[in-house]
Amino acid sequence: MEESKKSNSKVIVIVLAILLLGAIAYTFYNNSEHKKLTDAIEEEKIEIEGNLDSMIVKYEEAIGQNTAMSNELSLERDRIIALRDSVKGLKATNYSLIRRYRKQISKLEETNRRLFFMTDSLTSVNKLLAIDLDSATIKISKQLAQNDTLTLQNLQLSEKVAIGSVLKVNSAKIIAMRERSNGKLVETSRSRNTDAFRFNFTIAQNEIAEQGERALYIQLLDMNGNTLVSKGELMLFDGTSVNYSDATTVNYLNETVDVISLIEVDRDTIVKGLYTVNIYIENKLIGATQITLK
Numbered sequence: 363m364e365e366s367k368k369s370n371s372k373v374i375v376i377v378l379a380i381l382l383l384g385a386i387a388y389t390f391y392n393n394s395e396h397k398k399l400t401d402a403i404e405e406e407k408i409e410i411e412g413n414l415d416s417m418i419v420k421y422e423e424a425i426g427q428n429t430a431m432s433n434e435l436s437l438e439r440d441r442i443i444a445l446r447d448s449v450k451g452l453k454a455t456n457y458s459l460i461r462r463y464r465k466q467i468s469k470l471e472e473t474n475r476r477l478f479f480m481t482d483s484l485t486s487v488n489k490l491l492a493i494d495l496d497s498a499t500i501k502i503s504k505q506l507a508q509n510d511t512l513t514l515q516n517l518q519l520s521e522k523v524a525i526g527s528v529l530k531v532n533s534a535k536i537i538a539m540r541e542r543s544n545g546k547l548v549e550t551s552r553s554r555n556t557d558a559f560r561f562n563f564t565i566a567q568n569e570i571a572e573q574g575e576r577a578l579y580i581q582l583l584d585m586n587g588n589t590l591v592s593k594g595e596l597m598l599f600d601g602t603s604v605n606y607s608d609a610t611t612v613n614y615l616n617e618t619v620d621v622i623s624l625i626e627v628d629r630d631t632i633v634k635g636l637y638t639v640n641i642y643i644e645n646k647l648i649g650a651t652q653i654t655l656k
């Protein structure tokens with residue numbers, strides 16, 4: 363009887379030992395599986411964070427292109443940042459939320475494709491517009507350069523025309539005249555006999571000069587540069603003024619014009635020396651000649 367009790371006790375101990383070992387094995391198995399699941403969830407969480415970070419970088423680059431989509435891209439970027447921050451704060455054991463975030467990422471990726479496609483299209487259009495603008499700028503620059511060249515050529519041509527249209531004097535000659543008792547004037551070379559000076563000259567032909575009446579002024583200077591027989595003052599184009607000894611008007615028709623002028627003087631004021639005649643049309647000096655009296 364006593365041996366039977368001992369045998370039953372051993373059986374109970376063995377059974378309890380087996381149950382304990384089973385419980386320990388089951389607990390170890392559960393812990394191992396839980397760790398595997400937790401690690402898997404953590405890896406998926408890290409992967410989700412990485413995907414969201416990549417999205418944020420792409421949005422930053424797209425926003426930096428300053429297209430018409432920048433505002434919409436900024437709003438979508440802020441949503442992704444908020445989602446990423448939520449994932450970072452999530453515990454690895456909350457697998458249901460992880461799966462929910464995974465679905466949200468799928469929707470975000472679809473939105474990304476749509477927005478980035480529109481952004482790329484706008485960028486392509488902007489590039490084409492920039493190319494067109496550059497081409498237009500180059501064309502405008504070339505046209506401005508051509509205009510500047512033409513303007514310069516026109517100025518040069520105008521200067522040449524202005525220079526070419528200036529009237530010139532040919533065959534200018536001055537003669538000292540003595541008055542005879544009968545009133546007739548004859549040539550003399552003596553200062554003491556000089557009663558007048560006669561000027562002969564020809565205004566040359568000029569086809570590009572302006573036609574019409576031209577004011578003609580003659581200035582007679584003694585050896586000291588003083589104007590003899592001053593009849594008025596002429597203002598020149600450079601702002602200076604001179605006194606003239608005679609004035610007349612000629613009708614210029616682009617053909618040669620012969621001009622004769624006579625200036626009477628007091629022979630008592632005429633002395634030996636060099637006398638000069640300057641010829642002005644309008645306000646410009648166009649010719650000169652000299653004579654020496656004995």
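For the sequence shown, this note's numbering gives the first residue as 363, with consecutive numbering after it. Here a beta-carbon is modelled for each residue, glycine too, at the ideal position from N, C-alpha and C.
Worksheet item: What residues match up with glutamate 549 in a beta bridge as DSSP calls it?
Response: Met539
Worksheet item: Across which residues does DSSP place serine 609 in a beta bridge pair?
Response: Before going further, note that residue 609 is alanine rather than serine in the sequence given. Paired residues: Tyr579.
Worksheet item: For threonine 611 versus arginine 576, is the C-beta distance shorter than 8 Å?
Response: yes
Worksheet item: What are the partner residues of arginine 560, as DSSP defines its beta bridges?
Response: Ile537, Leu624
Worksheet item: What first and last residue would you give for the beta strand (DSSP E) that runs through alanine 650?
Response: 646–655
Discussion item. Report the CB separation of isoleucine 580 from valine 639 in whole angstroms; it is logged as a contact under 8 Å.
Written reply: 6 Å
Worksheet item: Do the stretch 629–649 and the stretch 526–546 make contact, defined as three or more Cβ pairs closer than 8 Å?
Response: yes
Worksheet entry | Inter-residue spacing [alpha-carbon to alpha-carbon] between aspartate 584 and tyrosine 637 | 5 Å
Worksheet entry | Given asparagine 313 as reference, the closest of Ile625, Leu445, Ser503, Arg552 once Cα atoms are compared | No answer is possible for residue 313: the residues shown for the chain start at 363 and end at 656.
Worksheet entry | Where the beta strand (DSSP E) through glutamate 617 begins and ends | Premise fails: glutamate 617 is in no beta strand (DSSP E) and is neither H nor E.
Item to complete: List the whole-angstrom C-beta distance separating serine 607 from leucine 590, where the pair is believed to meet the contact cut-off of C-beta under 8 Å.
Response: 6 Å
Worksheet item: Under a three-way DSSP split, which group does methionine 585 fall into?
Response: coil
Fill in: phenylalanine 390 versus glutamate 434: straight-line alpha-carbon distance, rounded
At phenylalanine 390, the pLDDT of 48 sits below 50, so the modelled position is not reliable and the matter cannot be decided from this model.
Item to complete: Starting from glutamate 595, follow the beta strand (DSSP E) in both directions and report where the run begins and ends.
Response: 594–597
Worksheet item: For serine 553 versus leucine 655, is the C-beta spacing smaller than 8 Å?
Response: yes
Worksheet item: Are leucine 445 and leucine 414 touching if we call contact CB-CB under 8 Å?
Response: yes
Fill in: Coil, strand or helix - isoleucine 730 by DSSP
Because the chain here runs from 363 to 656, residue 730 falls outside it and cannot be looked at.
Practice prompt. In the DSSP assignment, find the unbroken beta strand (DSSP E) run with threonine 638 in it and report its ends.
Written response: 635–643
Discussion item. Lysine 450 and glutamate 422 - do their beta-carbons sit closer together than 8 Å?
Written reply: no
Worksheet item: With isoleucine 643 and leucine 578 assumed to form a contact (beta carbons below 8 Å), what rounded beta-carbon distance in angstroms separates them?
Response: 6 Å
Practice prompt. Can you have a look at threonine 631 and say buried or exposed, based on whether 16 or more other CB atoms are within 10 angstroms of its CB?
Written response: exposed
Discussion item. Residues in the same chain with beta-carbon distance under 7 Å from serine 551, minus the five sequence neighbours each way, listed in chain order, please.
Written reply: Ala538, Leu655, Lys656
Discussion item. Could you compute how far the alpha carbon of lysine 634 sits from the alpha carbon of asparagine 586?
Written reply: 12 Å
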